[in-house]
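Here is the structure we will look at, set down as structure tokens.
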Amino acid sequence: MTVLSVENLTTAFRRNGIWNSVVNDVSFSIDAGETVAIVGESGSGKSVTAMSIMRLLPERTSRVTGTVRLGETDLLSLPERQMQDIRGNDIAMIFQEPMTSLNPVLSVGRQIAESIIRHRGISKTEARAATVRLLERVRIPAASGRFDEYPHQLSGGMLQRIMIAMALACRPKLLIADEPTTALDVTVQAEILQLIKSLQDEENMAVLFITHDMGVVAEIADRTVVMFRSRALETGKTEQIFAQPANVYTKALLSAVPRMGSMEGHDYPATFPLTDTDTGVPSAEREIAGTIPANTPPILEVRNLITRFDIKSGILGRVSGRVHAVENISFDLHEGETLALVGESGCGKSTTGRSVLRLIEPVSGTIRINGQDVRSLTPAALSKQRQHMQMIFQDPFSSLNPRMRVGEAIMEPLVSHGLASTKHARDRATDLLVRVGLQADMAKRFPHEFSGGQRQRISIARALTLNPGLIVADEAVSALDVSIKAQVVNLMMELQEQLKIAYLFISHDMAVVERVSHRVAVMYLGEIVEIGTRAQIFGNPQHAYTKRLLSAVPIADPARRHLRKVVEGGEIGSTVRPVDYVPVVARYAEPAPGHLVKVA
Numbered sequence: 001m002t003v004l005s006v007e008n009l010t011t012a013f014r015r016n017g018i019w020n021s022v023v024n025d026v027s028f029s030i031d032a033g034e035t036v037a038i039v040g041e042s043g044s045g046k047s048v049t050a051m052s053i054m055r056l057l058p059e060r061t062s063r064v065t066g067t068v069r070l071g072e073t074d075l076l077s078l079p080e081r082q083m084q085d086i087r088g089n090d091i092a093m094i095f096q097e098p099m100t101s102l103n104p105v106l107s108v109g110r111q112i113a114e115s116i117i118r119h120r121g122i123s124k125t126e127a128r129a130a131t132v133r134l135l136e137r138v139r140i141p142a143a144s145g146r147f148d149e150y151p152h153q154l155s156g157g158m159l160q161r162i163m164i165a166m167a168l169a170c171r172p173k174l175l176i177a178d179e180p181t182t183a184l185d186v187t188v189q190a191e192i193l194q195l196i197k198s199l200q201d202e203e204n205m206a207v208l209f210i211t212h213d214m215g216v217v218a219e220i221a222d223r224t225v226v227m228f229r230s231r232a233l234e235t236g237k238t239e240q241i242f243a244q245p246a247n248v249y250t251k252a253l254l255s256a257v258p259r260m261g262s263m264e265g266h267d268y269p270a271t272f273p274l275t276d277t278d279t280g281v282p283s284a285e286r287e288i289a290g291t292i293p294a295n296t297p298p299i300l301e302v303r304n305l306i307t308r309f310d311i312k313s314g315i316l317g318r319v320s321g322r323v324h325a326v327e328n329i330s331f332d333l334h335e336g337e338t339l340a341l342v343g344e345s346g347c348g349k350s351t352t353g354r355s356v357l358r359l360i361e362p363v364s365g366t367i368r369i370n371g372q373d374v375r376s377l378t379p380a381a382l383s384k385q386r387q388h389m390q391m392i393f394q395d396p397f398s399s400l401n402p403r404m405r406v407g408e409a410i411m412e413p414l415v416s417h418g419l420a421s422t423k424h425a426r427d428r429a430t431d432l433l434v435r436v437g438l439q440a441d442m443a444k445r446f447p448h449e450f451s452g453g454q455r456q457r458i459s460i461a462r463a464l465t466l467n468p469g470l471i472v473a474d475e476a477v478s479a480l481d482v483s484i485k486a487q488v489v490n491l492m493m494e495l496q497e498q499l500k501i502a503y504l505f506i507s508h509d510m511a512v513v514e515r516v517s518h519r520v521a522v523m524y525l526g527e528i529v530e531i532g533t534r535a536q537i538f539g540n541p542q543h544a545y546t547k548r549l550l551s552a553v554p555i556a557d558p559a560r561r562h563l564r565k566v567v568e569g570g571e572i573g574s575t576v577r578p579v580d581y582v583p584v585v586a587r588y589a590e591p592a593p594g595h596l597v598k599v600a
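Under UniProt numbering, think of the first position of the sequence shown as 1, with each following residue one higher.
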């Protein structure tokens, strides 16, 4: 039975008196118990399609035409009051960011109960009992106690479970999930996908799943709609689209998808093979070989690094606890090498990167860059040392000055360190823009005039200004669309080969890490629980957490869906400890040379 039928859906927004179409003639249908994925990159029209179906767009500045039927009901012709009865009752939606979707001043239980009372017309007592049952159903531990907790008291994974419980409160016929796992760690993502699938099977719901993650599509979707620049370019069974894509853009999108296991037979990192969206011709995969000079001292030495943060409470600011963000970790990094730091949110990856560059002051430990003890440097000496160590941040829009032209932003390090005249610095900025794949005349533009991928290229150019030997890349590609991500990763590897840069590559994307890294360090609760070569970590993981992390990565191949593993173990624990807590010094076994595993 067809639950949702969309025919020739077109949505336009008015700006300065002109109507611009952002969704053009999109058509598809979803049957009961079926999952249809809409996939595409940022700006393709995926989310606007969902908002158009739900009629959540502002009426004065948007225009939606075509046909949207829920069963036999034409949703676009309904009065708003009748549409309000359908929303949350027959159609429910899960949004990407639950923290902004939930009311921060109401308990999560009350927010779910309100929806139940609104659509079912039952008493508050009955609604509370029904809410607790829903929380149990979405596998929230101690459900009755969570009813009175507020959104800020729950983790990202728990909040998304709350959103799912709210969506299921009235047993909808259609569930629309708009990027519901994008902001989640890979293990939590796997649990949420398993949860949605099991609830769908129980209720025989139709699911419209919107995502840019082709691995997630391969895991869950029966049929797929590929969108590009407001149009549906290709629609069909997911297996068929992955095996034999008919459209050139679909081929390009699939070629850029990071796939676990794609590095078998490679000794060194290798670039992504990209497909030209105009010609359909794929580029050759190229191994970045010989990047680590033999018998050279490490460019970065970290020994017994500890970084903690005090938790203060009360009027007097009494220390009531400590966050043990980084706990006694050690590693080396050589010229031309990429060491990936992986793990989930809160494990200490980013704090490690910032501690190494002294953007955060560690409590103790030794950090040597080119043999010099960074922690002993005066502010003036540290400023000079920063010439040799730079950072690429996750969000380039936040890290670039919006009032400064990008050429000036790239010049700034040279000028501030007094290393070049304004003319020389301007020439250097132009050369770097060209080197990272942009045009020289773009130096006169402001950050808002660039796409996300272009802004990250500008951030890389700025990091290269002073010819650093060490770059800390903190989730540098995690916010980028799949094809842009592949291009930026390829650029970073090519620059590494040319300039012998050492990367501390911080990421939670294991498929990207497998392709770019020489060695991998796995972090959990502030500690390194396993470290070794890429082949050792991905081919022979020893620690239970490493195995769990790898098993949670979506398999970007629907034909291998039956190989999906059940991910268990809940969310990552907390690094908050009492003031008098004394951590146990970690001990490591060495199953193979250079492969260290923390033992209980």
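Beta carbons are placed, not taken as given, at the ideal position from N, Cα and C, and that holds for glycine.
Of the listed residues Pro558, Val302 and Glu408, nearest to Arg462 (C-alpha basis): Taking the sequence shown and counting its residues from 1, the one referred to as residue 462 is at position 462. Check the Cα spacing between Arg462 and each of Pro558, Val302 and Glu408: the tightest is with Glu408.
Per-residue burial, Met54 [other beta carbons within 10 Å of its own, 16 or more giving buried]: The residue given as residue 54 occupies position 54 in the sequence shown. With 16 or more Cβ atoms within 10 Å of its Cβ, Met54 is classed as buried.
Asn103 burial status per 10 Å Cβ neighbour count (16 or more: buried): As a first step, residue 103 must be located in the sequence shown, where it is residue number 103. That one is exposed.
CA nearest to the CA of Ser459, picked from Glu449, Arg445, Leu433 and Val482: The residue labelled residue 459 in the question sits at position 459 within the sequence shown. The residue among Glu449, Arg445, Leu433 and Val482 with its C-alpha nearest the C-alpha of Ser459 is Leu433.
The stretch 233–251 in contact with the stretch 260–270 per 3-pair CB rule at 8 Å: When C-beta atoms of the stretch 233–251 are compared with those of the stretch 260–270, fewer than three pairs fall below 8 Å, so the two segments do not count as touching.
Which of helix, strand or coil DSSP assigns to Gly66: Your numbering for residue 66 matches position 66 in the sequence shown. Note: Gly66 maps to strand in three-state DSSP.
Beta carbon of Ala32 nearer than 8 Å to that of Val3: Within the sequence shown, residue 32 is the residue found at index 32, counting from 1. Within the sequence shown, residue 3 is the residue found at index 3, counting from 1. Remark: C-beta atoms of Ala32 and Val3 approach each other more closely than 8 Å.
Buried or exposed (CB count within 10 angstroms, at least 16 for buried), Asp509: Counting from 1 along the sequence shown, the entry for residue 509 is found at position 509. Burial call: buried.
Counterpart residues of Glu530 in DSSP-defined beta bridges: Sequence index remark: in the sequence shown, residue 530 carries index 530 (1-based). As computed with DSSP, Glu530 is found in a beta bridge with Val522 and Val597.
Reference Glu170, options Pro180, Ala130, Asp148 and Lys197, closest by Cα: Taking the first residue of the sequence shown as position 1, residue 170 is located at position 170. For the sequence presented, residue 170 should be read as Cys rather than Glu. Nearest C-alpha to Cys170: Ala130.
Touch test, the stretch 361–377 against the stretch 295–310, Cβ-Cβ under 8 Å, three pairs minimum: Taking a contact to require three or more Cβ pairs closer than 8 Å, the stretch 361–377 and the stretch 295–310 qualify as touching.
Where Asp213 sits in the DSSP three-state scheme: Numbered from its first residue, the sequence shown carries residue 213 at position 213. Reduced to three states, the DSSP call for Asp213 is coil.
Where the beta strand (DSSP E) containing Ile176 begins and where it ends: Within the sequence shown, the letter at position 176 stands for residue 176. Counting along the chain, the beta strand (DSSP E) containing Ile176 begins and ends at Leu174 to Asp178.
Residues that Met227 bridges to, as DSSP identifies them: Walking along the sequence shown from the start, residue 227 turns up at place 227. Per the DSSP secondary-structure output, Met227 pairs in a beta bridge with Ala232.
Inter-residue CB distance, Asp85 and Gly109 (contact presumed, cutoff 8 Å): Within the sequence shown, residue 85 is the residue found at index 85, counting from 1. Within the sequence shown, residue 109 is the residue found at index 109, counting from 1. Between Gly109 and Asp85 the Cβ distance is about 23 Å, and since that is not below 8 Å, they are no contact.
Local conformation of Phe538 per DSSP, three classes: Taking the sequence shown and counting its residues from 1, one reaches residue 538 at position 538. In this structure, Phe538 counts as helix in the three-state DSSP scheme.
8 Å contact criterion, which Gly66 and Phe228 should meet: CB distance rounded: On the sequence shown, residue 66 is found 66 positions in, with the first residue counted as 1. On the sequence shown, residue 228 is found 228 positions in, with the first residue counted as 1. Phe228 and Gly66 do not touch by the CB rule: their CB atoms are close to 19 Å apart, not below 8 Å.
At least three beta-carbon pairs within less than 8 Å, the stretch 548–559 to the stretch 374–381: No, the stretch 548–559 does not touch the stretch 374–381.
Three-state secondary structure assigned by DSSP to residue 604: The requested residue 604 does not occur in the structure, where the chain is confined to residues 1 to 600.
Nearest-angstrom Cα separation, counted from Arg63 out to Val138: As a working note, residue 138 is residue 138 in the sequence shown. As a working note, residue 63 is residue 63 in the sequence shown. Counting only the Cα atoms, Arg63 lies some 37 Å from Val138.
Inter-residue Cα distance where the pair is Val6 and Leu184: Stepping through the sequence shown from its first residue, residue 6 is reached at position 6. Stepping through the sequence shown from its first residue, residue 184 is reached at position 184. Between the alpha carbons of Val6 and Leu184 lies a distance of about 30 Å.
Beta-bridge pairing of Asn20 - partner residues as DSSP gives them: Within the sequence shown, numbered from 1, the residue matching residue 20 stands at position 20. When beta bridges are read from the DSSP output, Asn20 appears opposite Phe13.
CB of Gln387 within 8 Å of CB of Ile369, strictly: As a first step, residue 387 must be located in the sequence shown, where it is residue number 387. As a first step, residue 369 must be located in the sequence shown, where it is residue number 369. For Gln387 and Ile369, no; Cβs fall outside 8 Å.
Secondary structure of Asn89, DSSP reduced to three states: Reading the sequence shown from its first residue, position 89 is the one you call residue 89. In the structure shown, the three-state DSSP call for Asn89 is coil.
Cβ neighbour criterion (16 or more within 10 Å) applied to Pro180: Taking the sequence shown and counting its residues from 1, one reaches residue 180 at position 180. It counts as buried.
Own chain partners of Leu549 with C-beta closer than 6 Å, once the 5 adjacent residues on each side are dropped: Counting from 1 along the sequence shown, the entry for residue 549 is found at position 549. Closer than 6 Å at Cβ, skipping near neighbours: no residue.
Closest residue to Phe95 among Ala113, Gln200, Leu525 and Gly157 (Cα-Cα distance): Here the question's residue 95 lines up with position 95 in the sequence shown. Among Ala113, Gln200, Leu525 and Gly157, the Cα nearest to that of Phe95 belongs to Gly157.
Short Cβ contact (8 Å threshold) for Thr35 with Ala340: Position 35 of the sequence shown, counting from 1, holds the residue named residue 35. Position 340 of the sequence shown, counting from 1, holds the residue named residue 340. In this structure, Ala340 does not lie closer than 8 Å to Thr35 by Cβ.
Nearest to Lys312 (by Cα), restricted to the options Asp332, Val68, Val576 and Ala380: As a first step, residue 312 must be located in the sequence shown, where it is residue number 312. Minimum Cα-Cα distance from Lys312 among the listed residues Asp332, Val68, Val576 and Ala380 corresponds to Val576.
Unbroken alpha helix (DSSP H) run spanning Gln394, endpoints: By 1-based counting over the sequence shown, the position of residue 394 is 394. Looking at the DSSP string, Gln394 is not in any alpha helix (DSSP H), and its letter there is neither H nor E.
Alpha carbon of Pro141 to alpha carbon of Gln111, nearest angstrom: Locating residue 141 in the sequence shown gives position 141, counting from the first residue. Locating residue 111 in the sequence shown gives position 111, counting from the first residue. A direct Cα-Cα distance of roughly 18 Å separates Pro141 from Gln111.
Ala37 versus Glu203, Asn89, Ala218 and Ser198, residue with shortest Cα-Cα distance: Sequence index remark: in the sequence shown, residue 37 carries index 37 (1-based). Of the candidates Glu203, Asn89, Ala218 and Ser198, the one whose C-alpha sits nearest the C-alpha of Ala37 is Ala218.
Selection from Met1, Ser21, Asn16 and Thr224 that minimises the alpha carbon distance to Thr10: Along the sequence shown, one-based indexing puts residue 10 at 10. Nearest C-alpha to Thr10 among Met1, Ser21, Asn16 and Thr224: Ser21.
Reference Ile241; option with closest CA among Ser101, Val597, Ile91 and Arg223: Along the sequence shown, one-based indexing puts residue 241 at 241. Nearest option by C-alpha distance: Arg223.
Rounded straight-line distance, which links the Cα of Leu174 to that of Ala440: Here residue 440 refers to the residue found at position 440 when the sequence shown is read from its first residue. Here residue 174 refers to the residue found at position 174 when the sequence shown is read from its first residue. Whole-angstrom Cα-Cα distance: 50 Å.
CB contact flag (Arg457, Leu414, <8 Å): Here residue 457 refers to the residue found at position 457 of the sequence shown. Here residue 414 refers to the residue found at position 414 of the sequence shown. Note that the C-beta distance between Arg457 and Leu414 is not below 8 Å.
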